[in-house]
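Asker:
Residue numbers (my numbering): 42 to 119.
#1: In the DSSP assignment, the alpha helix (DSSP H) including residue 116 goes from what residue to what residue?
#2: Spatial neighbours of residue 90 within its chain, please: CB distance less than 7 Å, with the 5 preceding and 5 following residues excluded, ordered by chain position.
#3: Determine the direct distance from the alpha carbon of residue 60 to that of residue 106, and round the result to whole angstroms.
#4: Mind checking which residues open and close the alpha helix (DSSP H) that includes residue 94?
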């Protein structure tokens with residue numbers, strides 16, 4: 042009977058470890074993406090120039106504000 046309890050304990054510990062690891066990794070990635078956004082002003086400027094647009098600072102600021110607004114809305118939703 043004690044062997045059954047050891048097997049159950051190992052399975053429960055494995056499930057708890059996987060769940061805990063998932064949530065820790067999720068929090069780490071959310072913090073990393075908040076601190077290091079995937080698109081910055083320089084990247085946005087390069088993309089606009091590749092599309093044939095001449096980016097003004099006002100247009101870049103508007104697009105960055107819009108992207109930040111969308112990302113903040115998405116993070117508050119969760």
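Quick reminder that beta carbons are idealized off the backbone N, C-alpha and C, glycines included. Since we're looking at a predicted model, the values are computed, not measured.
Answerer: Reading from the atomic positions:
#1: 98-118
#2: 96
#3: Straight-line Cα distance between these residues: approximately 35 Å.
#4: Taken as a continuous stretch (DSSP letters only), residue 94 belongs to no alpha helix (DSSP H), as it is neither H nor E.
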